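In this text, residue positions in the sequence shown follow UniProt numbering: the first is 1, and each later residue adds one.
Glycine included, each C-beta is placed from N, C-alpha and C at the ideal position.
All figures in this text were calculated on a predicted structure; none of them were measured in a lab.
Here's the structure, in structure tokens; my notes come after.
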Amino acid sequence: MSYGGQASRTIFVGNLPYDASEEQLLAVFSEVGSVASLRLVHDKETGKPKGYGFCEFHDVASAESAVRNLNNAGVNGRSIRVDFAENDSRSGGRRGGGDGGHGAAHGHGGGHG
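So, in structure tokens, the structure goes:
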């Protein structure tokens, strides 16, 4: 199976409700495997949650299960987005960077009207 990112122990979790607690999310992710760590991203200036985070499992199989089973799962009335995290720097992979070329326009528009 192919997902957005490459299979790893770390998953990206997006579209989180701002009132979701780490404890609540740990309970959700613990249903599919043993969680090594959970990190919710907060605004540096306000300290408020940004609505996304990262969950690291003890093994890749648990992360794969989370992506399969928890994507679009309901948390506090919102459908969360779960996918493999892009290059996890701790896994010794390539140095990440770039500006996320997925949405970048390549070439010329050439629209005829």
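Taking residue i as the reference, which of the options has the closest Cα?
| i | options | result |
| --- | --- | --- |
| Y18 | I80, E86, F84, A85 | I80 |
| K48 | E86, R9, F84, A20 | A20 |
| G77 | A27, S8, F29, L16 | L16 |
Measuring CB to CB, does residue i end up less than 7 Å from residue j?
| i | j | result |
| --- | --- | --- |
| V82 | V13 | yes |
| S8 | F84 | yes |
| R68 | F54 | no |
Please report the straight-line C-alpha distance between residue i and residue j, rounded to a whole angstrom.
| i | j | result |
| --- | --- | --- |
| K44 | E64 | 30 Å |
| K50 | E22 | 13 Å |
The alpha helix (DSSP H) with residue i in it runs from where to where?
| i | result |
| --- | --- |
| V41 | Here V41 belongs to no alpha helix (DSSP H); instead the beta strand (DSSP E) covers 35-42. |
| E22 | 22-30 |
Name the two residues that bound the continuous beta strand (DSSP E) containing residue i.
| i | result |
| --- | --- |
| residue 116 | Given that the chain is displayed from residue 1 to residue 113, the structure contains no residue 116 and the question cannot be resolved. |
Quick one: any contact between the stretch 58-69 and the stretch 20-36, if contact means 3 or more CB pairs under 8 Å?
Yes, they touch.
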